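As structure tokens, the structure follows; a few thoughts come after it.
Number of protein chains: 2
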Amino acid sequence: MSRAPTPRIRKNPAERRDEILDAAARIALAEGLEIVTVRRVAEDLQVRPGLISHYFPSAEEMVSEAFARAAHAELETLLPAEPTTGTPLERLRDFFLRSAGDDYLALSRLWLNARHTSRFRPSLQDAVQQQEAITRDRLMAIIIEGRDQDLFSCPDPLGATLEILVVVDGLGSYANDTSDYWHASLADLSARTAERVLGLSPGTLAG
Amino acid sequence: MSRAPTPRIRKNPAERRDEILDAAARIALAEGLEIVTVRRVAEDLQVRPGLISHYFPSAEEMVSEAFARAAHAELETLLPAEPTTGTPLERLRDFFLRSAGDDYLALSRLWLNARHTSRFRPSLQDAVQQQEAITRDRLMAIIIEGRDQDLFSCPDPLGATLEILVVVDGLGSYANDTSDYWHASLADLSARTAERVLGLSPGTLAG
DNA sequence: AGTGCTATTGGTCACTTGTCCAATAATTGT
DNA sequence: ACAATTATTGGACAAGTGACCAATAGCACT
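These protein sequences, in sequence, are chains A and B.
Everything in the first sequence is counted per our numbering, starting at 302 for the first residue and increasing by one.
Everything in the second sequence is counted per our numbering, starting at 302 for the first residue and increasing by one.
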């Protein structure tokens with residue numbers, strides 16, 4: 302039999318590390334954190350498992366970073382930070398619109414995955430709480446901005462932020478349910494929650 | 302060395318099966334579903350692993366039943382069914398009081414665990430959705446009873462039930478967070494949500 | 001063109017998991 | 001007291017995991 306010559310591709314360490322994390326993040330988002338194994342990432346990258354271990358002596362560390370990368374990348378599309386485009390109200394509307402979409406399902410599953418698995422993995426627990434803090438700050442910044450522009454009526458921005466996120470995460474906890482059990486009251490619950498805690502008239506955010 | 306004679310205890314099959322499930326449920330609640338292994342359950346029961354496999358040819362089935370048992374037993378103390386003691390309002394108050402307590406933490410972790418793990422385990426997915434339905438029905442029954450007694454103002458009992466559970470599950474999704482990050486708005490959020498959707502005056506359920 | 005550095009390979013090792021099975025012994029029935 | 005049933009043991013097996021390491025080969029530099 303022909304033995305595969307296996308042409309060796311040598312890359313810049315930083316670049317290779319990045320490549321590994323990208324693959325790991327992709328697998329985490331699509332299939333779950335427990336699927337992110339040294340061998341699976343190696344396979345996706347057409348590389349030997351030993352190489353992954355070389356860049357990540359601890360597999361747990363790789364998984365934690367993969368989660369952080371995936372979660373943060375998704376956050377960037379849900380609640381963009383820097384080039385603030387649109388009014389706070391428009392940005393919130395966008396956020397809740399996407400939260401209801403099917404694209405969001407994979408992210409909900411990832412968060413559920415991470416929040417549970419973090420129970421046994423200290424480094425993942427750190428990553429989860431860090432991403433939670435970033436998300437919280439990102440949302441609260443928009444709310445404060447809207448309040449300063451007198452778009453919202455919101456005496457307690459942090460409380461409002463947390464209450465909205467509780468609803469978002471609550472809905473997300475059903476991400477793995479297959480039952481087509483559904484109810485109109487859940488369709489735009491997070492948007493209606495936001496309208497309520499921000500003193501907006503019904504329909505301003507839901508649509 | 303002295304070889305342990307291992308006195309063999311032979312039990313009624315039904316009884317043994319029950320004993321196994323009890324141990325499995327206990328481990329699931331205290332340490333997590335992934336800790337419920339054939340060998341671990343056997344160790345707790347002072348029995349050889351092969352015996353567990355004899356009663357549960359599929360380990361996944363054992364884990365699913367263990368979850369169902371644990372979740373249902375806890376539900377029985379949170380939202381007791383039959384000997385309806387107390388008014389609907391008192392029973393709700395009890396429920397929210399316990400939900401905020403530390404005893405509830407283990408149960409929140411178990412639900413988080415099951416909701417994630419069900420992604421890969423069909424039989425667990427069934428068990429989760431079944432326990433969700435039972436919980437939902439149990440809560441909705443109280444709400445309907447209260448509405449019929451004109452204690453609540455609630456045009457859509459199912460919608461109210463779901464909205465309350467979303468908040469309960471949302472708070473539960475932080476069960477593995479260690480950060481002492483907390484905020485007054487989260488302390489009795491589920492009780493306040495119930496007050497709102499049931500048309501109760503603030504403070505009726507929270508306390 | 002040659003040389004040194006190191007990214008990459010290929011393989012091994014220990015550990016844990018679920019599953020399966022023949023042998024054994026406790027209990028029941030006669 | 002004896003025999004039959006079967007609950008229970010003890011051990012094996014394959015599969016999958018993370019971790020580790022000496023040998024190899026690609027690339028950058030002289």
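All C-beta atoms in this analysis are idealised placements derived from N, C-alpha and C, irrespective of residue type, glycine included.
Since this is a predicted model, take the numbers as computed values, not measurements.
Burial state of ARG370/B, where buried means 16 or more other Cβ atoms lie within 10 Å: Taking the second sequence and counting its residues from 1, the one referred to as residue 370/B is at position 69. ARG370/B comes out buried.
CB contact below 7 Å: GLU464/A versus chain B: Residue numbering aside, residue 464/A sits at position 163 when the first sequence is read from its first letter. Yes, its Cβ sits closer than 7 Å to a Cβ of chain B.
Cutoff 7 Å: ARG439/A Cβ touching any chain B Cβ: Residue numbering aside, residue 439/A sits at position 138 when the first sequence is read from its first letter. Not an interface residue.
Secondary structure, alpha helix (DSSP H): runs of 4+ residues fully inside the region 315-351 of chain A: 339-345
Cβ of GLY351/A within 7 Å of any chain B Cβ: One-based indexing of the first sequence puts residue 351/A at position 50. Chain B, which has no Cβ nearer than 7 Å to the Cβ of GLY351/A, makes this no.
Nearest to ASN414/B (by Cα), restricted to the options SER365/B, ALA442/B, LEU376/B, LEU459/B: On the second sequence, residue 414/B is found 113 positions in, with the first residue counted as 1. Comparing Cα positions, the closest option is SER365/B.
Secondary structure of PRO389/A, DSSP reduced to three states: Walking along the first sequence from the start, residue 389/A turns up at place 88. Helix, per DSSP.
For SER502/B and THR385/A, the rounded distance between their alpha carbons: As a first step, residue 385/A must be located in the first sequence, where it is residue number 84. As a first step, residue 502/B must be located in the second sequence, where it is residue number 201. In a straight line, the C-alpha of THR385/A is about 40 Å away from that of SER502/B.
Opening and closing residue of the alpha helix (DSSP H) in which SER424/A lies: Your numbering for residue 424/A matches position 123 in the first sequence. Residues 423-449.
Rounded straight-line distance, which links the Cα of LEU452/B to that of ALA487/A: Position 186 of the first sequence holds residue 487/A. Position 151 of the second sequence holds residue 452/B. It is worth fixing the name first, because residue 487/A is Leu in this sequence and not Ala. Straight-line Cα distance between these residues: approximately 24 Å.
Selection from HIS373/A, ALA495/A, ALA461/A that minimises the alpha carbon distance to ALA326/A: By one-based count along the first sequence, residue 326/A stands at place 25. Nearest of HIS373/A, ALA495/A, ALA461/A to ALA326/A, Cα basis: HIS373/A.
Selection of the region 397-411 of chain A by Cβ proximity to chain B, strictly under 7 Å: Cβ contacts with chain B: ARG410.
Burial state of PRO389/A (16 or more Cβ within 10 Å): For the purposes of this step, residue 389/A is taken as the residue at position 88 of the first sequence. By the 10 Å Cβ count, PRO389/A comes out buried.
Sub-7 Å separation of ILE444/A and THR462/A beta-carbons: Indexing the first sequence from 1 puts residue 444/A at position 143. Indexing the first sequence from 1 puts residue 462/A at position 161. Yes.
is_contact[ASN313/B, chain A] using C-beta, thresh 7 Å: Taking the second sequence and counting its residues from 1, one reaches residue 313/B at position 12. By this cut-off, ASN313/B is not an interface position.
Three-state secondary structure (DSSP) of ARG311/A: As a working note, residue 311/A is residue 10 in the first sequence. Assigned with DSSP and collapsed to three states, ARG311/A falls in coil, not helix or strand.
Sequence-distant residues of the same chain with beta carbon closer than 6 Å to PHE397/B, five excluded per side: Locating residue 397/B in the second sequence gives position 96, counting from the first residue. Excluding sequence neighbours, PHE397/B sits near SER491, ALA492, LEU506.
Three-way DSSP call (helix, strand, coil) for THR462/A in this model: Translated into positions along the first sequence, residue 462/A becomes position 161. Reduced to three states, the DSSP call for THR462/A is helix.
Residues near SER354/B by beta carbon distance below 8 Å, same chain, minus five either side: Residue mapping note: residue 354/B aligns to position 53 of the second sequence, counting from 1. Contacts found: VAL339, ALA360.
Sub-7 Å separation of GLY471/B and ASP470/A beta-carbons: By 1-based counting over the second sequence, the position of residue 471/B is 170. By 1-based counting over the first sequence, the position of residue 470/A is 169. Yes; because the gap between Cβ atoms is below 7 Å, this pair is in contact.
Which listed residue (SER409/A, LEU425/A, GLN430/A, GLN426/A) has its alpha carbon closest to that of VAL468/A: If you number the first sequence from 1, residue 468/A lands on position 167. When only C-alpha atoms are compared, the closest one is SER409/A.
Any chain A beta carbon closer than 7 Å to LEU425/B: Locating residue 425/B in the second sequence gives position 124, counting from the first residue. No, LEU425/B lies away from the interface with chain A (no Cβ there is under 7 Å from its Cβ).
Integer Cβ distance of ARG399/B from LEU376/B, believed to fall under 8 Å: By 1-based counting over the second sequence, the position of residue 399/B is 98. By 1-based counting over the second sequence, the position of residue 376/B is 75. Contact doesn't hold; Cβ gap of about 11 Å is too wide.
Ranges of the alpha helix (DSSP H) found wholly within the region 356-405 of chain A, counting only runs of at least 4: If we require 4 residues or more, the alpha helix (DSSP H) runs fully inside the region 356-405 of chain A come out as 360-379, 389-401.
Under 9 Å from the C-beta of THR436/B: neighbouring residues of chain A: Within the second sequence, numbered from 1, the residue matching residue 436/B stands at position 135. Neighbours of THR436/B on chain A: none; closest Cβ ~13 Å, over 9 Å.
VAL337/B and ALA331/B closer than 7 Å at C-beta: For the purposes of this step, residue 337/B is taken as the residue at position 36 of the second sequence. For the purposes of this step, residue 331/B is taken as the residue at position 30 of the second sequence. No, these two residues do not count as a Cβ contact at 7 Å.
Under the three-state DSSP convention, the category GLY473/B falls into: For the purposes of this step, residue 473/B is taken as the residue at position 172 of the second sequence. GLY473/B: helix per DSSP, three-state reduction.
Chain-ordered chain B contacts of THR385/A [CB-CB under 9 Å]: Here residue 385/A is taken as the residue at index 84 of the first sequence, counted from 1. Within chain B, no residue comes near THR385/A; the closest Cβ sits about 26 Å away, beyond 9 Å.
Cross-chain neighbours of LEU487/A in chain B, by beta carbon under 9 Å: Residue mapping note: residue 487/A aligns to position 186 of the first sequence, counting from 1. Chain B residues near LEU487/A: GLY460, LEU463, GLU464, VAL467.
Which of helix, strand or coil DSSP assigns to TRP483/A: The count along the first sequence starts at 1 and reaches residue 483/A at position 182. Correct three-state label for TRP483/A: coil.
Outcome for ILE310/B when other beta-carbon atoms lying within 10 angstroms are tallied against a minimum of 16: Mapped onto the second sequence, residue 310/B falls at position 9. By the neighbour-count rule (16 or more Cβ atoms within 10 Å), ILE310/B is not buried but exposed.
Other residues of its chain near VAL498/A: CB distance less than 6 Å, five sequence neighbours each side excluded: Counted from its first residue, the first sequence places residue 498/A at position 197. Here VAL498/A has ALA461, GLU464 as same chain residues with Cβ atoms under 6 Å from its own Cβ, once five neighbours each way along the sequence are excluded.
Buried or exposed by the 16-neighbour rule on C-beta atoms within 10 Å, applied to ASP438/A: Taking the first residue of the first sequence as position 1, residue 438/A is located at position 137. By the neighbour-count rule (16 or more Cβ atoms within 10 Å), ASP438/A is not buried but exposed.
Same chain, Cβ closer than 7 Å to ALA476/B, five either side skipped, listed in chain order: Taking the first residue of the second sequence as 1, we reach residue 476/B at position 175. Excluding positions up to five away in sequence, the list reads LEU406, SER409, ARG410, LEU413.
Endpoints, alpha helix (DSSP H) assigned at ALA507/B: Within the second sequence, residue 507/B is the residue found at index 206, counting from 1. Neither: ALA507/B is in no alpha helix (DSSP H) and is coded neither H nor E.
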